[in-house]
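Heads up, the thing below is written out as structure tokens.
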Amino acid sequence: GESVGLHLPTLSVQEGDNSIINCAYSNSASDYFIWYKQESGKGPQFIIDIRSNMDKRQGKRVTVLLNKTVKHLSLQIAATQPGDSAVYFCAENAGGTSYGKLTFGQGTILTVHP
Amino acid sequence: GAVVSQHPSWVICKSGTSVKIECRSLDFQATTMFWYRQFPKQSLMLMATSNEGSKATYEQGVEKDKFLINHASLTLSTLTVTSAHPEDSSFYICSATRGPNGYTFGSGTRLTVV
């Protein structure tokens with residue numbers, strides 16, 4: 001079946017650097033995308049979302065970019081802090097008969113070194 | 001707002017027994033609830049989708065007789081792992097939605113079957 005995948009399973013950065021986490025998706029029918037942060041032993045925490053009619057959305061220290069041509073999603077975290085260390089997942093909602101269901105990518109472990 | 005409470009946060013049970021996990025939306029009525037399973041260092045895998053008052057829809061490969069889902073009200077869904085075995089040990093996470101593309105996740109339940 002169709003799935004969402006990630007290019008990099010781990011990412012290590014220095015505190016204060018910018019982080020970029022990538023995600024490739026294969027379902028061209030997906031129309032809604034979400035980035036989640038998951039800390040050890042906890043449920044996913046919403047970071048930012050974007051709909052397919054947009055190519056960029058900004059939040060506080062985070063930016064999501066969507067390139068529908070190549071089916072690519074990225075999360076940029078500015079001035080990364082140790083508290084940003086976690087696993088980051090992208091998720092997609094294909095709509096239609098899959099309305100409401102989210103398909104998660106494999107995840108990227110972000111480690112921020114002080 | 002939009003808080004989902006999941007209980008218990010962790011449970012240890014003997015092989016062959018059943019375990020019930022509760023998922024409650026505290027401050028909103030959830031039209032749909034989802035149940036996910038997550039193995040260590042892996043992504044979230046959707047197990048089933050439940051709508052209040054109707055039977056749950058299970059994903060391919062998920063045994064509906066083993067993972068019983070009851071969605072008796074707009075604020076409560078339960079997942080019962082029946083005749084649990086060590087291979088059922090995992091992190092179970094619920095999610096609730098109020099409508100189009102608005103998801104709130106519970107904090108997860110760590111199940112260990114011994």
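Sequence order for the protein chains is A and B.
Going by the numbering used here, 26 is the number at position 26 of the first sequence; the sequence numbering is gapless.
Going by the numbering used here, 91 is the number at position 91 of the second sequence; the sequence numbering is gapless.
All residues carry an ideal CB built from backbone N, CA and C; glycine is no exception.
What you are looking at is a predicted structure, and each value in this text was computed from that prediction instead of being measured.
- Query: Would you say the segment 72–80 of chain B touches the segment 74–90 of chain A, given that touching needs at least three Cβ pairs under 8 Å?
  - Reply: They do not touch, by the three-pair rule.
- Check whether the Cβ of A:Gly107 lies closer than 9 Å to any Cβ atom in chain B. Along the first sequence, read from residue 1 onward, the residue named residue 107 of chain A stands at position 107. By the rule that beta-carbons nearer than 9 Å mark a contact, A:Gly107 touches chain B.
- Message: Considering Cα atoms alone, identify which of B:Glu63, B:His85, B:His7, B:Met33 is closest to B:Ser18.
- Response: Residue mapping note: residue 18 of chain B aligns to position 18 of the second sequence, counting from 1. Out of B:Glu63, B:His85, B:His7, B:Met33, B:His85 has the C-alpha closest to the C-alpha of B:Ser18.
- Message: Quick check on the DSSP output: the beta strand (DSSP E) that includes A:Asn93 runs from which residue to which?
- Response: Stepping through the first sequence from its first residue, residue 93 of chain A is reached at position 93. Unbroken beta strand (DSSP E) run through A:Asn93: 86–93.
- Please list, in chain order, all residues of the same chain as B:Arg24 whose beta carbon is under 6 Å from its beta carbon, the five residues on each side excluded. Reading the second sequence from its first residue, position 24 is the one you call residue 24 of chain B. Here the set comprises Ser5, Thr75, Leu76.
- Query: How close, in whole Å, do the beta carbons of B:Arg98 and B:Ala48 come, if the pair is a contact with beta carbons under 8 Å?
  - Reply: On the second sequence, position 98 is the one that residue 98 of chain B refers to. On the second sequence, position 48 is the one that residue 48 of chain B refers to. Contact flag wrong, Cβ pair sits at about 19 Å.
- Pick from A:Gly41, A:Val62, A:Gln38, A:Ser40 that is closest to A:Asp49, judged by C-alpha positions: By one-based count along the first sequence, residue 49 of chain A stands at place 49. Among A:Gly41, A:Val62, A:Gln38, A:Ser40, the Cα nearest to that of A:Asp49 is on A:Val62.
- Task: Measuring only between beta-carbons, confirm whether A:Val71 sits less than 9 Å from chain B.
- Result: Position 71 of the first sequence, counting from 1, holds the residue named residue 71 of chain A. A small correction: the amino acid at residue 71 of chain A is Lys; Val does not occupy that position in the sequence shown. A:Lys71 does not count as touching chain B.
- Task: Note down the Cα distance separating A:Thr103 from B:Thr80, rounded to an integer number of angstroms.
- Result: Here residue 103 of chain A refers to the residue found at position 103 of the first sequence. Here residue 80 of chain B refers to the residue found at position 80 of the second sequence. About 23 Å.
- Query: Helix, strand or coil: which one does DSSP assign to B:Asp88?
  - Reply: Here residue 88 of chain B refers to the residue found at position 88 of the second sequence. In the structure shown, B:Asp88 sits in a helix (DSSP, three-state: H, G or I).
- Message: Only counting the same chain, and skipping five residues up and downstream in sequence, which positions put a Cβ closer than 6 Å to that of A:Gln76?
- Response: Position 76 of the first sequence, counted from the first residue, corresponds to residue 76 of chain A. Taking A:Gln76 as the centre and dropping the five residues before and after it, the same chain places the C-beta of Ile20, Thr63 closer than 6 Å to its C-beta, in chain order.
- Query: Of the residues B:Gln42, B:Val113, B:Arg37, which one's Cα is nearest the Cα of B:Ser83?
  - Reply: Within the second sequence, residue 83 of chain B is the residue found at index 83, counting from 1. That would be B:Val113, whose Cα lies nearest to the Cα of B:Ser83.
- Could you list which residues in chain B have their beta carbon closer than 7 Å to that of A:Lys42, in chain order? The count along the first sequence starts at 1 and reaches residue 42 of chain A at position 42. Per Cβ cutoff of 7 Å: Ser107, Gly108.
- Item | Distance between B:Glu52 and A:Gln58 (C-alpha atoms, nearest Å) | Here residue 58 of chain A is taken as the residue at index 58 of the first sequence, counted from 1. Here residue 52 of chain B is taken as the residue at index 52 of the second sequence, counted from 1. So the alpha carbons of these two residues sit roughly 35 Å apart.
- Message: Please list, in chain order, the residues of the segment 81–102 of chain A that have any C-beta partner in chain B closer than 7 Å.
- Response: Interface annotation for the segment 81–102 of chain A against chain B: Phe89, Asn93, Gly100, Lys101, Leu102, criterion Cβ-Cβ distance under 7 Å.
- Query: Rounded to a whole number of angstroms, what is the C-alpha to C-alpha distance between B:Ala95 and B:Ser15?
  - Reply: Taking the first residue of the second sequence as 1, we reach residue 95 of chain B at position 95. Taking the first residue of the second sequence as 1, we reach residue 15 of chain B at position 15. Per the sequence shown, residue 95 of chain B should be read as Ser rather than Ala. Computed Cα separation, rounded: 27 Å.
- Is A:Ile47 close to chain B, meaning its C-beta is less than 9 Å from at least one C-beta of that chain? By 1-based counting over the first sequence, the position of residue 47 of chain A is 47. With 9 Å as the cut-off, A:Ile47 does not count as an interface residue toward chain B.
- Specify, as a first and last residue, the run of the beta strand (DSSP E) that A:Arg51 falls within. Position 51 of the first sequence, counted from the first residue, corresponds to residue 51 of chain A. First-last of the beta strand (DSSP E) with A:Arg51: 45–51.
- Message: Among B:Pro40, B:Trp10, B:Phe28, whose alpha-carbon lies nearest the alpha-carbon of B:Gly1?
- Response: As a working note, residue 1 of chain B is residue 1 in the second sequence. Nearest of B:Pro40, B:Trp10, B:Phe28 to B:Gly1, Cα basis: B:Phe28.
- Query: When we look at the beta-carbon of B:Ile12 and count the other beta-carbons within 10 Å, is it buried (16 or more) or exposed?
  - Reply: In the second sequence, residue 12 of chain B corresponds to position 12, counting from 1. Exposed.
- Is the CB-CB distance between A:Asn22 and A:His72 below 9 Å? Mapped onto the first sequence, residue 22 of chain A falls at position 22. Mapped onto the first sequence, residue 72 of chain A falls at position 72. Yes. Within cutoff.
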